[in-house]
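Since the structure comes first, as structure tokens, the remarks are kept for the end.
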Amino acid sequence: MGLSDLFEVRIVFDESHLFFPRIIQGLLLAMALVIVVVRGIPTLRAVWAGHRTWPVMDGPFDHLRFFGTLGLTVAYFLLMPPVGEMVPNTGLGFLIVSIPYMAALSVLYLHRRDRRTLLLAMANALIAPVAVWYLLARLLNVTLP
Amino acid sequence: MDVLSALDPLFFVLISAGAAIGIVFGAIPGMTATMAIAVCLPLTYALDLNHGLALLLGLYVGGISGGLVPAILLNIPGTPSSITTTFDGYPMCQRGEGERALKIGVVSSLFGGLFSAAVLFLFAPVLSDFAIKFSYVEKFLIIFLALTVIASLSRNLLMGLFSGLIGVWLALIGTYDVSVGGNGDTRLMTEAMEPYLSEGFSLLPVLIGLFGVAAILKEAEQGIRENTEGMRITLEKGARFSLGVFRNQGVNLVRSGVIGTFIGMLPGVGGSAASVLSYTQQKNFSKAPEKMGTGVPEGVVASESANNGLTGGALVPLLSLGIPGDSTTAVMIGAFTLQGVQVGPLFIGENLETWNTMMVALVFANLVMFAIMFFAIKYVARVVMVPKYLLYPIIMIMCVVGAYAINYGVMFDVWTLLLFGLGGYLAGKVGIEIAPLVIGFILGGQAEVYFVKSLESFGTYTIFFTKSPIAMVLWGLIVLSIAFSVYNLVKASRRKTQEGGA
Chain R
1 MGLSDLFEVR
11 IVFDESHLFF
21 PRIIQGLLLA
31 MALVIVVVRG
41 IPTLRAVWAG
51 HRTWPVMDGP
61 FDHLRFFGTL
71 GLTVAYFLLM
81 PPVGEMVPNT
91 GLGFLIVSIP
101 YMAALSVLYL
111 HRRDRRTLLL
121 AMANALIAPV
131 AVWYLLARLL
141 NVTLP
Chain P
1 MDVLSALDPL
11 FFVLISAGAA
21 IGIVFGAIPG
31 MTATMAIAVC
41 LPLTYALDLN
51 HGLALLLGLY
61 VGGISGGLVP
71 AILLNIPGTP
81 SSITTTFDGY
91 PMCQRGEGER
101 ALKIGVVSSL
111 FGGLFSAAVL
121 FLFAPVLSDF
131 AIKFSYVEKF
141 LIIFLALTVI
151 ASLSRNLLMG
161 LFSGLIGVWL
171 ALIGTYDVSV
181 GGNGDTRLMT
191 EAMEPYLSEG
201 FSLLPVLIGL
211 FGVAAILKEA
221 EQGIRENTEG
231 MRITLEKGAR
241 FSLGVFRNQG
251 VNLVRSGVIG
261 TFIGMLPGVG
271 GSAASVLSYT
281 QQKNFSKAPE
291 KMGTGVPEGV
301 VASESANNGL
311 TGGALVPLLS
321 LGIPGDSTTA
331 VMIGAFTLQG
341 VQVGPLFIGE
351 NLETWNTMMV
361 ALVFANLVMF
371 AIMFFAIKYV
381 ARVVMVPKYL
391 LYPIIMIMCV
401 VGAYAINYGV
411 MFDVWTLLLF
421 GLGGYLAGKV
431 GIEIAPLVIG
441 FILGGQAEVY
451 FVKSLESFGT
461 YTIFFTKSPI
471 AMVLWGLIVL
481 SIAFSVYNLV
491 KASRRKTQEG
501 GA
């Protein structure tokens with residue numbers, strides 16, 4: 001067997017959709033191992049020795065605003081299709097659900113909730129979705145939920 | 001004369017609107033040109049190609065330029081590429097020369113933008129003519145080269161390559177499409193996922209998620225601090241602006257413009273690399289290097305002409321090879337795909353009219369950017385004070401609109417947005433870099449086709465080395481880019497041990 005046979009390759013058509021993904025997965029696995037050895041183990045040691053915290057958890061973390069954003073967004077996405085079903089093909093599902101979503105998000109992000117800022121937030125939550133909906137759904141005929 | 005017919009009033013209105021919106025996005029810290037384009041994409045769904053591009057190019061130029069405003073006024077870079085503008089811009093502002101610094105920055109930006117547009121105009125067609133001769137083997141190597149260049153210029157070679165590979169892997173999810181010579185089977189998924197993912201993840205929801213939603217999640221983690229609160233902006237005091245400032249800056253302008261343009265051409269390199277490099281070069285050549293960083297015009301000139309040089313530079317590989325030069329042009333690839341246009345070596349030749357209108361749009365966008373920033377700088381300066389609690393909810397609903405409408409109403413695309421938003425946020429935590437990942441994702445599908453087809457026709461791996469002299473040159477460049485990053489790594493660690501010892 002010559003050296004050139006070593007590099008020979010035959011790709012079976014029925015299996016050809018797996019050929020490249022297998023190579024990429026092999027490379028990913030190999031690199032992941034190298035990264036664990038080169039970077040992961042020193043980090044782990046440092047964490048155990050108490051020199052540093054887990055990389056994901058360093059710095060201040062605003063739990064309320066982070067998980068609030070996530071929760072509100074999931075609720076927003078879940079509610080949009082059923083509301084849109086009630087008045088189909090008008091994009092109103094988007095409009096109706098976006099207003100409370102924006103209002104809630106704004107209030108969540110506010111640090112000083114006084115009359116002025118709350119009023120601004122509410123006005124914004126009302127005007128922005130209406131403007132977006134009117135411009136896109138009505139004028140430009142873009143599909144919205 | 002076809003070009004002239006495409007240039008209707010709406011065309012210019014869209015460029016101007018794009019530039020204005022882009023400047024606002026660029027000027028608000030934490031929001032970037034990439035985000036501006038991602039958020040405004042739904043507006044282009046209803047436009048034709050030329051008008052859509054007019055809007056996007058306006059946004060691009062405006063978004064890159066706007067970053068200098070908070071950099072000078074508040075010492076916060078509005079976009080990553082304006083980081084070096086803070087070095088001299090902010091001290092000038094503190095001395096009461098805020099308006100002068102802003103205007104110096106704007107004029108430098110205009111020069112950088114126009115210079116790079118000229119380079120784009122001359123260079124892209126030549127590169128495409130050359131690239132037309134490429135077979136699948138060379139095309140695969142070009143993509144491979146692009147990924148190694150990105151990886152070697154990211155913070156860590158290993159993580160950069162790993163991120164790029166993850167992007168490629170994500171791109172492979174779905175069907176190996178018959179239209180590109182595949183067998184039509186799906187892979188990397190379970191049967192339950194097939195109704196949603198048989199086409200794979202859509203490009204735009206992925207990009208909007210990574211650049212829009214992920215940024216907001218990151219800000220939410222930090223508690224959405226209004227970092228401009230209580231800050232005051234003072235313009236106009238002290239020395240006034242005059243063009244005389246530029247008298248001795250010719251070399252600086254051209255050198256920085258060249259650096260910006262050519263860094264822009266390297267795929268996947270962020271804007272900060274260009275401005276940092278041109279700033280340090282100016283420092284090396286300056287007659288008074290010790291003054292750099294204390295508020296001298298030459299620092300602002302170097303930084304701003306370089307970061308606007310990026311705009312034209314990043315479009316070169318996009319239009320001639322189909323490889324995006326940075327994350328902003330990566331989002332633009334999505335816009336092209338949306339219009340049914342394939343960017344690559346054939347693009348300019350087959351779409352001469354579009355190419356010419358793009359050039360007009362790019363030049364005009366720079367002029368509009370200049371006009372807005374130069375004459376209305378006082379009003380632009382105020383947008384940096386727009387509070388985030390009003391802005392971020394708007395961004396979120398715009399992201400949703402963009403993702404939902406892209407395939408005419410697929411709710412799964414909206415969930416993709418959240419999935420990649422959260423994924424991008426977490427990836428940043430463990431050191432995975434978004435730029436290589438995105439480039440990998442965009443090029444992954446093509447890389448597979450070129451790779452598998454090359455092997456199917458030649459039946460041996462050696463073909464990638466021996467196909468043509470071009471292939472060998474490309475291998476040389478690949479080795480060079482890896483060597484460069486290893487060299488940098490060694491240099492950095494040596495410096496660290498020296499500092500540790502001293």
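So the sequence lines, in the order shown, correspond to chains R and P.
Every letter in the first sequence is one number past the one before it in full-length UniProt numbering, and letter 97, counting from 1, is 97.
Every letter in the second sequence is one number past the one before it in full-length UniProt numbering, and letter 350, counting from 1, is 350.
Glycine included, each C-beta is placed from N, C-alpha and C at the ideal position.
Test item: CB-CB of residue i and residue j under 8 Å
i: G105(P); j: G26(P); result: no
i: S242(P); j: S256(P); result: no
i: S454(P); j: Y136(P); result: yes
i: I470(P); j: F162(P); result: no
i: F211(P); j: S327(P); result: yes
i: G295(P); j: G264(P); result: no
i: L203(P); j: G174(P); result: no
i: G112(P); j: E304(P); result: yes
i: P145(R); j: M80(R); result: yes
i: L120(R); j: L114(P); result: no
i: I208(P); j: L346(P); result: no
i: V383(P); j: V107(P); result: no
i: T459(P); j: V9(R); result: According to the sequence shown, residue 459(P) is Gly rather than Thr. Yes, the Cβ-Cβ distance between G459(P) and V9(R) is below 8 Å.
i: residue 548(P); j: Q339(P); result: Outside the displayed range of chain P (1 to 502) lies residue 548(P), so it cannot be described from this structure.
Proximal chain P residues relative to residue i, where beta-carbon distance stays under 9 Å
i: I11(R); result: V452, L455, E456, G459
i: I35(R); result: L158, M159, F162, G431
i: P145(R); result: V400, Y404, G409, M411, V414
Top-ranked residue by Cα proximity to residue i, from the options
i: V149(P); options: K491(P), R494(P), V479(P), K496(P); result: V479(P)
i: V69(P); options: A54(P), T44(P), T32(P), G52(P); result: T32(P)
i: L426(P); options: L217(P), A376(P), I397(P); result: L217(P)
i: V486(P); options: L157(P), P91(P), T460(P), G98(P); result: L157(P)
i: Y90(P); options: E221(P), I37(P), L74(P); result: L74(P)
i: Y461(P); options: I28(P), R187(P), L141(P), L41(P); result: L141(P)
i: A54(P); options: T466(P), I21(P), E99(P), I482(P); result: I21(P)
i: S179(P); options: V213(P), G445(P), A483(P); result: G445(P)
i: A17(P); options: M369(P), L477(P), T416(P), M472(P); result: M369(P)
i: G423(P); options: G182(P), V213(P), L127(P), I395(P); result: V213(P)
i: T329(P); options: L57(P), L49(P), T44(P); result: L57(P)
i: V245(P); options: V301(P), S275(P), L207(P); result: V301(P)
i: F13(R); options: K291(P), V449(P), K467(P); result: V449(P)
i: A435(P); options: F347(P), F201(P), G325(P), K133(P); result: G325(P)
i: E99(P); options: T416(P), Q281(P), K378(P); result: K378(P)
i: N252(P); options: T280(P), F130(P), R240(P); result: T280(P)
i: A118(P); options: M159(P), E138(P), V258(P), F412(P); result: V258(P)
Amino acids of chain R, ordered along the chain, whose beta-carbon sits closer than 7 Å to that of residue i
i: V414(P); result: F77
i: K388(P); result: Y109
i: N252(P); result: Residues of chain R passing the Cβ test: none, with the nearest at roughly 38 Å.
Beta-carbon neighbours of residue i, restricted to chain P and to distances below 7 Å
i: L18(R); result: R187
i: M122(R); result: The contacting residues do not exist; M122(R) stays about 11 Å from chain P at best.
i: T53(R); result: None at all; the shortest Cβ gap to chain P is about 12 Å.
i: V38(R); result: L158
Amino acids of chain R, ordered along the chain, whose beta-carbon sits closer than 8 Å to that of residue i
i: T148(P); result: What T148(P) touches in chain R: nothing, since even the nearest Cβ is about 13 Å away.
i: M398(P); result: V132
i: W169(P); result: P21, I24, Q25, L28
i: I442(P); result: Going along chain R, no residue has its Cβ under 8 Å from I442(P), so there is no contact; the nearest lies around 15 Å.
i: G22(P); result: Simply none; closest approach about 18 Å.
Proximal chain P residues relative to residue i, where beta-carbon distance stays under 8 Å
i: E46(R); result: Note that residue 46(R) corresponds to Ala in the displayed sequence, not to Glu. In chain order: nothing, as chain P lies at least about 14 Å away.
i: A125(R); result: P393
i: V142(R); result: P42, Y45, A46, V401, A405
Check: residue i C-beta below 7 Å from any heavy atom of the ligand MG
i: A6(P); result: For the ligand MG, the structure offers nothing, since it holds no ligand at all.
Chain-ordered neighbours of residue i on chain R, where CB pairs are closer than 9 Å
i: residue 569(P); result: Shown here, chain P extends from 1 to 502; a query on residue 569(P) therefore has no answer.
| message | For the region 64-72 of chain R against the region 98-105 of chain R, do three or more pairs of beta-carbon atoms, one drawn from each stretch, fall closer than 8 Å, so that the two count as touching? | response | At 8 Å Cβ cutoff, the stretches touch.
For this session: Kindly confirm or deny that the region 283-293 of chain P and the region 303-316 of chain P touch, where touching means at least three C-beta pairs closer than 8 Å.
Result: no
- prompt: Taking three-plus beta-carbon pairs below 8 Å as touching, is the region 87-96 of chain R in contact with the region 350-362 of chain P?
  reply: no
Along the chain, which unbroken stretches of the beta strand (DSSP E) at least 3 residues long are found entirely within the region 152-195 of chain P?
none
Exercise for the section: Go through the region 261-307 of chain P residue by residue and report every complete run of the alpha helix (DSSP H) that reaches 4 residues or more, in order. Expected result: Here the runs fully enclosed are 271-285.
Touch check for the region 450-466 of chain P and the region 10-21 of chain R: three-plus C-beta pairs under 8 Å? yes
Write down every uninterrupted run of the alpha helix (DSSP H) in the UniProt domain "DUF1468" (19-145) of chain R whose length is 4 residues or greater and which is fully enclosed by it, in chain order. 41-48, 63-86, 92-109, 115-133
How about the region 433-441 of chain P and the region 161-174 of chain P: do they share at least three Cβ pairs that are nearer than 8 Å?
yes
*Assess, as a yes-or-no matter, whether the region 359-377 of chain P is touched by the region 4-24 of chain P under the definition of 3 or more beta carbon pairs within less than 8 Å.*
Judged by Cβ distances under 8 Å, the region 4-24 of chain P makes contact with the region 359-377 of chain P, as three or more pairs qualify.
| message | Restricting to runs no shorter than 3 residues, where is the beta strand (DSSP E) found entirely within the region 98-155 of chain P? | response | none
Exercise for review: List in chain order: all unbroken alpha helix (DSSP H) runs of 4+ residues lying wholly within the region 403-446 of chain P.
Suggested key: 411-429
Practice prompt. Check whether the region 400-407 of chain P touches the region 182-197 of chain P, taking contact to mean three or more Cβ pairs, one atom from each stretch, closer than 8 Å.
Written response: no
*asked:* So, does the region 28-47 of chain P touch the region 333-340 of chain P, judging by three or more C-beta pairs under 8 Å?
replied: Yes, since at least three Cβ pairs between the region 28-47 of chain P and the region 333-340 of chain P fall closer than 8 Å, the two stretches touch.
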